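Chains as they are written, first to last, in this note's numbering: chain A, 1 to 617; chain B, 618 to 945; chain C, 946 to 1262. By construction, the Cβ of each residue, glycine as well, lies at the ideal position given by its N, Cα and C atoms. Since the model is a prediction, treat every value here as computed from it, not as a measurement.
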């Protein structure tokens, strides 16, 4: 466990421990007998002998609260433990074997969930009569299905994971898989469930006791104490206060522990914090607004950083390029190269954690005005998005809202930019333009009713709806099959031909796709541009060792062995001091490790970030 | 049956159905992921299985290892039907056949050291006691090109490519004869892909492994495999030697697939892309499953399912097409 | 859609049947003779003749199968039998009291949603901000206070000490609508403290989760205004978990109002239930359990329909 996790658990953990210790220590603490009555002093206030006063029978309140903790905690913990053991076993067996086993374990357990919990407890009390034993039994029955459900769901998802299949493939026995592989991996949510159950069981126990159907008097119990104090609340309101405080405090501390446990052990539910688009922070100092800019889009010196444990980490450094109207620029690189972040920066859609710290993005809009997108206020940026600037994303199945009809999602794009009349016709026209077979029907369909390739066509239709000047495509074919990829690439090429001046930036990891679609290519590595130039020239004669190695590692040639690049991309927080590619480069010399090379022009329209570019064959 | 008699593993007429979850009272419509697939892998041979999503290639890999039972047909390992083997014999046989997965992040147990996971197979099959197995782990790590001192680390401390090497080491630990590799490089970056492909090629040459290499990437398959099986919607479309198929693809689907695959070498030479998309396996077309997208389809293609037959004058090459003889 | 509803209804009715049969089995299969148990209060062995007479009256001497058919036949006609204590028809008493409990549960649910949903959205929008921190801390606290503690303390402070409201009770709607509502508000608000906190939490985390989804970013890339994104692309998608949680809790509330009704002297089902449990009046307890469980199952059926309305993917199976 990491230090931060321990810190998060410390406060509630210590408090829970304190409650448990006090309850355990009840017999050895110098307390009055919790059941000894002293009717003469009934309802008397706090005194030296009775710090919290005496109840309606003159019994010591402090002593009853501490002894009551013992009863409540024991009942809750034993019931939760029983429920955990039985429920987990049922859930794992049901989830692993499915079929008939699932029917008799999980489904039967779920029937219990058809009864409202308190009602079921009352039913058991009716049948068995009140008492601590009944309580434990009924609470265990009540909470076991919860564990079964969690264990079942976790087992189902874990069972489909490759490392479980790997154990089967290795020939491991079922018992070994269940207890050595599955159980440790589904344990975290079960531990959370356990602490949740202890708290819930305490609440239920005290509730039943409050109704007079749980713990039998004169045994001390918080629920019973509240029940007793209610009758005399006019004379002694404090009597009501103490057990309420004890009960609420304990449950609160348990719940807090549970919340923290969930955050530490089971981080899935934890959201990443403030959503990015609700207020784009413009952290950059204003720069003089340029009148003229070369081309359609000019990115210069763009640097992005994310907060790290030891200060900000630059994930994109000094990226610059120019895109002319009607041109297609491919931004190519492996994971962690910063290619996608660069694209998102142009759209002003960076995740909240990533901050631009330097550079400018000059964009010439349809109105001929040049704007620095990096410094543009959000309302102005918004009016550009979807009109002058459009984007298509990698995964067409998650880029459309599953709950809205396709036509309605296209229509909102048009309406957001002022189209009021003939929206439906425009929508159908767009769908026809991107080659959907039955545009009328497609407009009325929900996204799940059409195929992945068609969904990407819809995304493209939305992107071109308002005639953008610049289309950003972020790995638009990566999630598609090759035959469909070919269709989408052809469609994009057609659209570009039709919309004369539209520029396109195409982000991809696939060099072969670059060759199909782009005029120029920008190769990125570890957050930097390493080479830029016309596609044909770069592919024919790369001027950076990384580009050369990437081309050589494509499994296309007839060579017996593929040329592999040794090592792996450096992590953003552990970048080499000199050239970032030096540790993996066959040409690297001392100078490469010492100084970070600058992007230099190696030929008209071509640049490389390499000290020894002349030697790259 | 044309399959050679010396096949190490052979699948005969494999059909595998999945049931869409129906209501309480119905089982739902069966979806046939595989329909009558014949495949054989000889000792030391690398067979590539290629196709797009939904073609059944991954299911085939799992059926060959009997991680999924076939709905119909049988799988023979050295002539023994895996379905009729007693459970204990089958478990023992698992030592000799292993699996490498696509996702290097999901295939390793995040809570156990990589050393323990590599040792698992040896312990399970009684090849070594726990301590002996742990002693052999460094050698295995070295064999796949990793630092032998890293056995005590947890999976999250490794990169994707390194994890894939660990998965290969785990598969090798029991000294198998047959490995199914299910898209082992498609989750990796290009520069790392080549490392793992080379590793698999070296190991195969060194250890004489029989390899079933499942991939959607034609180029990788071409590089690594002796023979290629092209699948579409649960059926085999074409089968033959890798070099031959890439030189002159015969089946209309193989041709379209090759033409659609972008390539650095044949830039811009792409023919008109294949229309439409792969139909749902819940509602496959009648007759030839490819006919709905085939440029050569005729009415008769809808009537009967074409069988896999030797291409006239092309030796080991077999294709499933009614118009095999008439194709231009 | 219709086929979907019909299928779901069939499953729900099946579940009701299973629950009814289970309840029947529970009473007949547990060790001990119900008649004897009923009569043996105070630890004194009952008179065998009296036991025999009661067994005859309850039909316990018939074969199990006959008893089951009689029981199920009665249920189909809406006949839950007679109370053992006063021989009053159970169905009548339930029919009288159930609407009061439903009213309480409905009002509590309404209050929880009215407060929980907007506050949950507001907190998610400014996650990590001051409002979010305050509301989240309050929700954590509100969730931890047992409902009868809230109720009892509310009575103590608001009714006893400050004399703002009356401590509880019930006036039929027909007699005095204003007073009826005033008396309803206290117990309903008491329930809504905890339930509202649950709704708040689920809404908050659900909105946060949806905000991270790709389609929200895609909508933003199309230039939609934040208000339109929230309305069209976030809220509806975030609603499903909230519906689930509200339904689940309303279901448990059907039984869980016992405590609140007890505290505020609200004459719903619970007073009847507690009396029945104390007297071990099996027919009464079973009748109430059955009615509430059936409602619970039907509520789940309605939730399934609601899902289908919200999400087209569910409709199309």
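What number of angstroms, rounded off, separates the C-alpha of residue i from the C-alpha of residue j?
{"i": "residue 886/B", "j": "residue 813/B", "result": "Here the model assigns residue 886/B a pLDDT of 48, short of 50, so the residue's position is not dependable, and the following value carries that caveat. Whole-angstrom Cα-Cα distance: 30 Å."}
{"i": "residue 32/A", "j": "residue 307/A", "result": "57 Å"}
{"i": "residue 877/B", "j": "residue 715/B", "result": "32 Å"}
{"i": "residue 1069/C", "j": "residue 1077/C", "result": "7 Å"}
{"i": "residue 320/A", "j": "residue 626/B", "result": "55 Å"}
{"i": "residue 1255/C", "j": "residue 1198/C", "result": "24 Å"}
{"i": "residue 788/B", "j": "residue 145/A", "result": "38 Å"}
{"i": "residue 560/A", "j": "residue 840/B", "result": "7 Å"}
{"i": "residue 995/C", "j": "residue 1010/C", "result": "24 Å"}
{"i": "residue 1176/C", "j": "residue 1064/C", "result": "15 Å"}
{"i": "residue 1221/C", "j": "residue 213/A", "result": "12 Å"}
{"i": "residue 1031/C", "j": "residue 126/A", "result": "18 Å"}
{"i": "residue 774/B", "j": "residue 1153/C", "result": "30 Å"}
{"i": "residue 1203/C", "j": "residue 1214/C", "result": "8 Å"}
{"i": "residue 872/B", "j": "residue 670/B", "result": "17 Å"}
{"i": "residue 310/A", "j": "residue 1205/C", "result": "53 Å"}
{"i": "residue 551/A", "j": "residue 544/A", "result": "11 Å"}
{"i": "residue 454/A", "j": "residue 441/A", "result": "13 Å"}
{"i": "residue 666/B", "j": "residue 805/B", "result": "19 Å"}
{"i": "residue 802/B", "j": "residue 719/B", "result": "7 Å"}
On a CA-only basis, which of the options is nearest residue i? Give me that one, please.
{"i": "residue 660/B", "options": "731/B, 774/B, 861/B, 829/B", "result": "829/B"}
{"i": "residue 790/B", "options": "203/A, 29/A, 170/A", "result": "170/A"}
{"i": "residue 468/A", "options": "160/A, 389/A, 177/A, 88/A", "result": "389/A"}
{"i": "residue 601/A", "options": "10/A, 585/A, 533/A, 545/A", "result": "533/A"}
{"i": "residue 1143/C", "options": "1115/C, 1166/C, 1086/C", "result": "1086/C"}
{"i": "residue 1212/C", "options": "1257/C, 947/C, 1045/C, 1036/C", "result": "1045/C"}
{"i": "residue 796/B", "options": "650/B, 920/B, 712/B, 935/B", "result": "712/B"}
{"i": "residue 347/A", "options": "361/A, 246/A, 264/A", "result": "361/A"}
{"i": "residue 472/A", "options": "92/A, 265/A, 460/A", "result": "460/A"}
Within the continuous alpha helix (DSSP H) that includes residue i, where are the two ends?
{"i": "residue 849/B", "result": "Run containing residue 849/B: none in the alpha helix (DSSP H); it sits in the beta strand (DSSP E), 844 to 849."}
{"i": "residue 715/B", "result": "Careful: residue 715/B lies outside any alpha helix (DSSP H), inside the beta strand (DSSP E) at 714 to 717."}
{"i": "residue 438/A", "result": "Segment: none, residue 438/A is in no alpha helix (DSSP H) and carries neither H nor E."}
{"i": "residue 1132/C", "result": "1122 to 1156"}
{"i": "residue 819/B", "result": "807 to 824"}
{"i": "residue 725/B", "result": "From DSSP, residue 725/B is part of no alpha helix (DSSP H); its letter is neither H nor E."}
Assign residue i to one of two classes, buried (16 or more other C-beta atoms within 10 Å of its C-beta) or exposed (fewer than that).
{"i": "residue 511/A", "result": "buried"}
{"i": "residue 179/A", "result": "exposed"}
{"i": "residue 186/A", "result": "buried"}
{"i": "residue 742/B", "result": "buried"}
{"i": "residue 613/A", "result": "buried"}
{"i": "residue 184/A", "result": "exposed"}
{"i": "residue 573/A", "result": "exposed"}
{"i": "residue 299/A", "result": "buried"}
{"i": "residue 509/A", "result": "buried"}
{"i": "residue 879/B", "result": "buried"}
{"i": "residue 381/A", "result": "buried"}
The beta strand (DSSP E) spanning residue i covers which residue range?
{"i": "residue 1035/C", "result": "Counting along the chain, residue 1035/C falls outside any beta strand (DSSP E), though it belongs to the alpha helix (DSSP H) covering 1035 to 1070."}
{"i": "residue 653/B", "result": "647 to 659"}
{"i": "residue 526/A", "result": "Neither: residue 526/A is in no beta strand (DSSP E) and is coded neither H nor E."}
Listed from N- to C-terminal order along the chain, which residues in the segment 216 to 231 of chain A have their beta-carbon within a distance smaller than 7 Å of any beta-carbon of chain C?
-> Only 226, 230 from the segment 216 to 231 of chain A bring a Cβ to less than 7 Å from some Cβ of chain C.
Using a Cβ cut-off of 8 Å, which residues of the segment 468 to 494 of chain A contact any Cβ in chain B, in chain order?
-> So the list reads 481, 482, 483, 484, 485, 486, 487, 489, 490, given in the order they occur along the chain.
Taking any Cβ of chain A, which residues in the segment 778 to 792 of chain B have a Cβ under 9 Å from it, in chain order?
-> The segment 778 to 792 of chain B vs chain A, Cβ under 9 Å: 778, 779, 784, 787, 788, 790, 791.
Chain A contacts made by the segment 732 to 760 of chain B, where a contact means CB separation under 7 Å = Those would be 737, 738, 741, 742, in chain order.
Residues of the segment 161 to 183 of chain A with Cβ closer than 8 Å to any Cβ of chain B, in chain order = If the cut-off is 8 Å between Cβ atoms, the segment 161 to 183 of chain A has 161, 162, 163, 165, 166, 167, 168, 169, 170, 171, 172, 173, 176, 181 near chain B.
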